[in-house]
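Asks:
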Amino acid sequence: MVLLVIDVQKGITDDRLYNFEGFISNLKKLISNARKKGVEVIYVQHDDGPGSGFSLGDVDYQIYDEIAPEPGDKIFAKTVNSSFSNKELCEYLDEIQEDTVVISGLMTNYCIDATIKSAFDRGFKVIVPEGCNTTSDNDYMNAETTYRYYNEMMWPDRFAQCPDMEEVF
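Quick note: the sequence shown uses this note's numbering, first residue 470, plus one each step.
Given below as structure tokens:
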């Protein structure tokens, strides 16, 4: 089992997110619990490319301070929604013969959804802890409705297990 912390970057991690304070609190607990149980924490960052303001070297690209990696943590970059688009991440998970991924981070309806479905398609057991992903409002649904749609209707019993955060490890 590994914990993927996806796109929790300074440029998009703020109070525009549904249940922002709860999300950060839950994510900090999830990461702490993973470390205590010896579960590897892997970070993934979205890179929009040079000159975008959201790329390597930009402040907004950096991982949010409150959940920052520890020395030795693996960090992978991606340029499209799914974390599994990163060849090195896929090779690493194959190398360590991992078959279970715990998925957390941003944004529920974009990179989290794409990563969950990609992991499922690759045969991983996928776990999405309650309250450990979030998103912002969009043109069609507010952030809470979007969160609930994916976490309560779309993923459970199809693509992932969605347990209470305390049940994960």
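The C-beta atom is built at its ideal place from N, Cα and C for all residues, glycine as well. Keep in mind the model is a prediction, meaning the values are calculated, not measured.
Is glutamate 539 helix, strand or coil when you go by DSSP?
Replies: Coil, per DSSP.
Asks: Note down the Cα distance separating glutamine 493 from cysteine 601, rounded to an integer number of angstroms.
Replies: The question names glutamine, yet the displayed sequence has isoleucine at residue 493. The straight-line gap from Cα to Cα measures roughly 8 Å.
Asks: Measuring only from the beta carbon, is tyrosine 616 closer than 7 Å to any heavy atom that is part of the ligand COA?
Replies: For the structure depicted, the ligand COA is absent and the ligand set is empty, with no information on it obtainable.
Asks: Let's see if you can read the secondary structure: which residues bound the alpha helix (DSSP H) around lysine 505?
Replies: First-last of the alpha helix (DSSP H) with lysine 505: 489–505.
Asks: For lysine 547 and aspartate 484, I'd like the C-alpha separation in whole angstroms.
Replies: Roughly 24 Å separates the two Cα atoms.
Asks: Just how far apart, CA to CA, sit asparagine 502 and glutamate 635?
Replies: C-alpha separation (whole angstroms): 9 Å.
Asks: Under the three-state reduction of DSSP, which class applies to threonine 482: helix, strand or coil?
Replies: Coil, per DSSP.
Asks: Just the C-alpha distance for alanine 629 and leucine 525, rounded to the nearest angstrom, thanks.
Replies: Computed Cα separation, rounded: 31 Å.
Asks: Using the C-alpha atoms, what's the distance from glutamate 490 back to tyrosine 561?
Replies: Taking the straight line from one Cα to the other gives about 32 Å.
Asks: For isoleucine 596, report the span of its beta strand (DSSP E) as first-last.
Replies: That run of the beta strand (DSSP E) goes 594–596.
Asks: Spatial neighbours of valine 474 within its chain, please: CB distance less than 6 Å, with the 5 preceding and 5 following residues excluded, ordered by chain position.
Replies: Only Tyr512, Ser573, Gly574 meet the Cβ criterion.
Asks: I need the straight-line Cα distance from tyrosine 530 to phenylalanine 593, nearest angstrom please.
Replies: Tyrosine 530 and phenylalanine 593: Cα-Cα distance of roughly 28 Å.
Asks: How should valine 571 be labelled, buried or exposed, when 16 other C-beta atoms within 10 angstroms of its C-beta is the threshold for buried?
Replies: Its Cβ being crowded by 16 or more others within 10 Å, valine 571 is buried.
Asks: Do you know how far the Cα of asparagine 495 is from the Cα of glutamate 509?
Replies: Approximately 17 Å, taken between the alpha carbons.
Asks: Between the beta-carbon of valine 471 and the beta-carbon of glutamate 567, is there less than 8 Å?
Replies: Cβ distance < 8 Å, so valine 471 and glutamate 567 count as in contact.
Asks: Kindly indicate which residue of Asn550, Ile544, Thr569, Val549 has the alpha-carbon position closest to the one of glutamate 557.
Replies: Ranking the options by Cα distance to glutamate 557, first place goes to Ile544.
Asks: If you draw a straight line from the C-alpha of aspartate 527 to the C-alpha of aspartate 476, how long is it?
Replies: Distance between the alpha carbons of aspartate 527 and aspartate 476: 14 Å.
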